[in-house]
Amino acid sequence: MKFRFLSVILVFLFTISLRLTSFADDGYRLWQRYDLIKDAQKRQYYQENTTGLLMEGNSPTLTAARQELEMAISGLLGKPLRSSTAIASGVLVLGTPQNSPVIKSLNLASKLVPLGSEGFLILSTTVNNKKATVITANSDVGVLYGTFHFLKLLQTQQDINNLAISSAPKIKNRILNHWDNLDRTVERGYAGFSIWDWHRLPDYIDQRYLDYARANASIGINGTVLTNVNANALILTKDYLIKVKALADAFRPYGLKVYLTARFSAPIEIGKLKTADPLDPEVKTWWKNKAAEVYSYVPDFGGFLVKANSEGQPGPQNYGRNHADGANMLADAIADKGGIVMWRAFVYDNKVPDDRAKQAFTEFKPLDGSFRKNVLVQVKNGPIDFQPREPFHPLFGAMPKTPLMMEFQITQEYLGQATNLVYQAPLYKETLDADTYVKGAGSTVAKVIDGSLHHYQLTGIAGVSNIGNDRNWTGHLFGQANWYCFGRLAWDPTLSSEKIADEWLRMTFTNETAFLNPIKNLMLQSRETLVNYMTPLGLHHIMGYSHHYGPGPWIKDKQRADWTSVYYHKATAEGIGFDRTPTGSNALAQYSPAIQQKFGNPQTCPEEFLLWFHHLKWDYKVKSGRTLWGEICQRYYQGAAEVGKMRQTWQTIQAFVDAERFNHVKMLLNIQEKEARWWRDACVLYFQTFSGRPIPAGLEKPTQNLDYYVSQDPKFVPGN
Ligand code: BDP
Numbered sequence: 002m003k004f005r006f007l008s009v010i011l012v013f014l015f016t017i018s019l020r021l022t023s024f025a026d027d028g029y030r031l032w033q034r035y036d037l038i039k040d041a042q043k044r045q046y047y048q049e050n051t052t053g054l055l056m057e058g059n060s061p062t063l064t065a066a067r068q069e070l071e072m073a074i075s076g077l078l079g080k081p082l083r084s085s086t087a088i089a090s091g092v093l094v095l096g097t098p099q100n101s102p103v104i105k106s107l108n109l110a111s112k113l114v115p116l117g118s119e120g121f122l123i124l125s126t127t128v129n130n131k132k133a134t135v136i137t138a139n140s141d142v143g144v145l146y147g148t149f150h151f152l153k154l155l156q157t158q159q160d161i162n163n164l165a166i167s168s169a170p171k172i173k174n175r176i177l178n179h180w181d182n183l184d185r186t187v188e189r190g191y192a193g194f195s196i197w198d199w200h201r202l203p204d205y206i207d208q209r210y211l212d213y214a215r216a217n218a219s220i221g222i223n224g225t226v227l228t229n230v231n232a233n234a235l236i237l238t239k240d241y242l243i244k245v246k247a248l249a250d251a252f253r254p255y256g257l258k259v260y261l262t263a264r265f266s267a268p269i270e271i272g273k274l275k276t277a278d279p280l281d282p283e284v285k286t287w288w289k290n291k292a293a294e295v296y297s298y299v300p301d302f303g304g305f306l307v308k309a310n311s312e313g314q315p316g317p318q319n320y321g322r323n324h325a326d327g328a329n330m331l332a333d334a335i336a337d338k339g340g341i342v343m344w345r346a347f348v349y350d351n352k353v354p355d356d357r358a359k360q361a362f363t364e365f366k367p368l369d370g371s372f373r374k375n376v377l378v379q380v381k382n383g384p385i386d387f388q389p390r391e392p393f394h395p396l397f398g399a400m401p402k403t404p405l406m407m408e409f410q411i412t413q414e415y416l417g418q419a420t421n422l423v424y425q426a427p428l429y430k431e432t433l434d435a436d437t438y439v440k441g442a443g444s445t446v447a448k449v450i451d452g453s454l455h456h457y458q459l460t461g462i463a464g465v466s467n468i469g470n471d472r473n474w475t476g477h478l479f480g481q482a483n484w485y486c487f488g489r490l491a492w493d494p495t496l497s498s499e500k501i502a503d504e505w506l507r508m509t510f511t512n513e514t515a516f517l518n519p520i521k522n523l524m525l526q527s528r529e530t531l532v533n534y535m536t537p538l539g540l541h542h543i544m545g546y547s548h549h550y551g552p553g554p555w556i557k558d559k560q561r562a563d564w565t566s567v568y569y570h571k572a573t574a575e576g577i578g579f580d581r582t583p584t585g586s587n588a589l590a591q592y593s594p595a596i597q598q599k600f601g602n603p604q605t606c607p608e609e610f611l612l613w614f615h616h617l618k619w620d621y622k623v624k625s626g627r628t629l630w631g632e633i634c635q636r637y638y639q640g641a642a643e644v645g646k647m648r649q650t651w652q653t654i655q656a657f658v659d660a661e662r663f664n665h666v667k668m669l670l671n672i673q674e675k676e677a678r679w680w681r682d683a684c685v686l687y688f689q690t691f692s693g694r695p696i697p698a699g700l701e702k703p704t705q706n707l708d709y710y711v712s713q714d715p716k717f718v719p720g721n
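Printed below as a string of structure tokens:
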């Protein structure tokens with residue numbers, strides 16, 4: 002009897018542990034989880050609307066769409082999706098008017114034409130008096146995008162009757178930039194090593210490559226630059242090009258084009274030429290032949306991304322030529338193949354005795370209009386370098402005759418790397434929605450880069466990837482939301498941060514509102530929280546030296562002044578901040594008069610940019626009525642305290658998340674809180690040495706003294 006009782010207990014415990022392990026989840030599936038919808042009624046409803054699949058084409062792209070639907074429907078609804086050969090009630094009809102006679106018979110041309118080569122249409126309709134859902138487009142890849150959109154409706158449990166969705170991307174080239182080296186280290190990568198396993202390519206096609214392509218297609222990303230902007234010319238040799246071809250072949254069905262970074266000195270390094278001068282005929286011929294070779298492996302190769310004459314990279318200026326000379330030479334080499342050159346404007350030189358924030362504008366503005374038609378100038382969102390907050394880059398309001406491409410950083414180099422939860426959509430939106438006033442009010446950065454303001458034909462947006470070979474892809478599970486939101490905003494910059502967070506959370510975790518509400522708020526607040534504990538009120542570039550991890554406002558006396566912190570905060574016994582008004586560097590003059598007027602006066606300058614543009618006395622009164630010193634302290638403490646609240650909020654949703662993912666985020670929030678307090682204490686103590694004022698009453702005292710924080714110098718920070 003006793004034995005039986007014991008065995009019943011054992012079986013019970015075993016079952017529970019099985020259940021728990023089956024709930025455990027390492028995050029590999031991203032937002033494409035397709036777990037059974039628990040609500041039987043909802044399942045029934047979706048089943049009635051997905052009774053079969055009528056799809057006539059069988060291109061690799063349509064096959065990918067079919068496979069995705071089959072996998073998703075059987076997961077979400079617990080039943081296989083059968084192929085239909087005829088219209089039955091509730092059938093899904095997929096295809097283009099070219100490959101599907103049923104779709105052709107619906108005469109959708111007037112609706113399809115405006116959607117271009119990538120847009121899609123999802124329609125609830127009746128065919129032969131039978132209810133059907135049609136997913137169609139002008140191209141197979143449009144159908145694939147539509148398929149992912151349809152699946153999102155199921156995953157986020159939306160109504161799927163009466164659908165009349167038409168969607169087309171607002172920006173043409175939506176591209177990830179991988180800063181991945183050929184030895185598989187990733188510059189500023191915090192999620193392990195590179196996902197490109199060059200050693201085993203071309204013969205070994207890791208399942209990850211396909212899952213990567215699926216994930217990108219699901220959010221409309223249509224290009225990937227495989228290699229670091231600090232480029233290695235070897236990628237352009239035959240040994241590597243055959244590997245590049247293998248990746249391109251794997252990605253092609255998903256509409257994902259491959260691009261490479263071009264090292265400007267490649268003609269010397271791998272071509273044995275004496276020069277890389279862009280005007281030298283031999284150099285031109287070398288690149289033309291090289292391009293032809295690349296296209297012989299990858300016929301739909303996208304083109305080159307180039308970092309030139311920046312941070313020690315070679316470029317046209319080595320030969321007395323300018324950026325347009327360099328970009329145009331490469332552009333000519335690939336123009337007849339339809340390739341593009343993305344030429345980066347991230348240039349600054351410590352030998353130039355001018356505010357670093359001004360230098361890109363100074364170099365590029367005079368070149369407006371002198372680039373070839375297939376060149377995009379790729380500009381970082383702000384004029385310094387992916388700081389937690391920067392004003393928009395002044396070039397966005399200054400190059401009406403040159404297509405400008407946005408460069409955001411998805412990897413969190415300056416945003417707590419992969420230990421901090423920071424949802425970046427609000428950062429991206431802040432830049433996209435910023436008004437350049439270049440053609441009067443409403444000339445937003447988004448309208449510049451989507452081409453609508455200056456009628457650019459060629460448009461683009463890039464995100465520096467946060468992807469590595471960690472099981473969960475991005476190191477921090479919530480880093481996935483940044484990959485996701487980049488793709489969604491690249492497709493449609495007008496989407497709200499809130500809507501994107503909602504979609505991502507529903508697909509990644511659950512549709513339960515008791516989970517969604519608090520965690521969505523947590524995400525939406527997270528970026529401002531980080532700004533507060535790192536760089537409040539317009540402070541910038543005060544992080545640890547070189548690895549950029551942790552606080553380092555005391556960094557000075559390095560090989561380059563523009564890589565120190567004191568260059569940027571300019572704290573003295575009188576005050577703090579970088580004067581970029583006419584009494585200082587006058588970087589403000591690079592913006593339109595409306596902005597100059599507003600930002601030039603500390604009283605009207607948005608407080609979030611106060612110390613970006615102004616050097617102010619410690620006793621300067623800010624909007625809250627506090628002194629500047631008091632406000633700086635207040636923000637640092639508030640930021641750190643908010644991370645404590647994030648940690649508590651996460652604790653309240655435990656019931657909705659599997660143990661593995663719950664604990665992953667929980668442990669990282671513990672780390673984030675420690676780091677936020679580290680930033681707070683280090684910065685407040687350091688700035689106090691200038692302000693000479695006490696930490697306001699009511700705020701807890703730092704546990705260590707300043708020397709302790711200054712002596713912290715972690716040695717092996719990833720991504721460095
Ligand atoms: C900086 C990074 C550096 C990059 C550089 C760039 O610290 O690793 O190479 O940007 O964008 O943010 O070229």
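Just remember that our numbering sits 1 ahead of the position in the sequence shown, which is counted from 1. Glycine included, each C-beta is placed from N, C-alpha and C at the ideal position. Values in this document were obtained by computation on a predicted structure and should not be read as measured data.
Any non-hydrogen atom of the ligand BDP within 7 Å of residue i CB
| i | result |
| --- | --- |
| S625 | no |
| R189 | yes |
| V226 | no |
| V230 | yes |
| S84 | no |
| K289 | no |
| K308 | yes |
| F194 | no |
| E414 | yes |
| E312 | yes |
| D386 | yes |
| F347 | yes |
Candidates the options: closest to residue i by CA position
| i | options | result |
| --- | --- | --- |
| K559 | Y546, L670, R264 | Y546 |
| L280 | N290, K675, Y255, N323 | N323 |
| A358 | L422, G452, L589, K374 | L589 |
| N375 | A334, W197, F409 | A334 |
| D198 | E529, A110, G469 | G469 |
| V103 | P537, Y255, L93 | L93 |
| E312 | L248, F347, P282, A595 | F347 |
| Q604 | H616, L242, R345 | H616 |
| I222 | D434, V465, A336, A25 | V465 |
| L77 | Q45, A66, S60, I88 | Q45 |
Distance, residue j Cα to residue i Cα
| i | j | result |
| --- | --- | --- |
| T653 | H665 | 15 Å |
| G147 | F265 | 39 Å |
| T238 | Q314 | 19 Å |
| I271 | H548 | 31 Å |
| R185 | T628 | 49 Å |
| V142 | G383 | 33 Å |
| G1 | V532 | A query on residue 1 cannot be resolved here, the shown segment of the chain reaching from 2 to 721 and no further. |
| G693 | A574 | 7 Å |
Collapsed DSSP secondary structure at residue i in the structure displayed
| i | result |
| --- | --- |
| E408 | strand |
| M400 | coil |
| S586 | coil |
| G553 | coil |
| N319 | helix |
| W288 | helix |
| F479 | coil |
| G464 | strand |
| K381 | strand |
| K716 | coil |
| Y260 | strand |
| R209 | helix |
| S453 | coil |
| G576 | strand |
Residues that residue i bridges to, as DSSP identifies them
| i | result |
| --- | --- |
| T134 | L93, S125 |
| G304 | Y260, I341 |
| M56 | L95 |
| M72 | M72 pairs with nothing; no bridge assigned. |
Check: residue i C-beta below 7 Å from any heavy atom of the ligand HEM
| i | result |
| --- | --- |
| Y429 | The ligand HEM is absent from the structure shown, which contains only the ligand BDP. |
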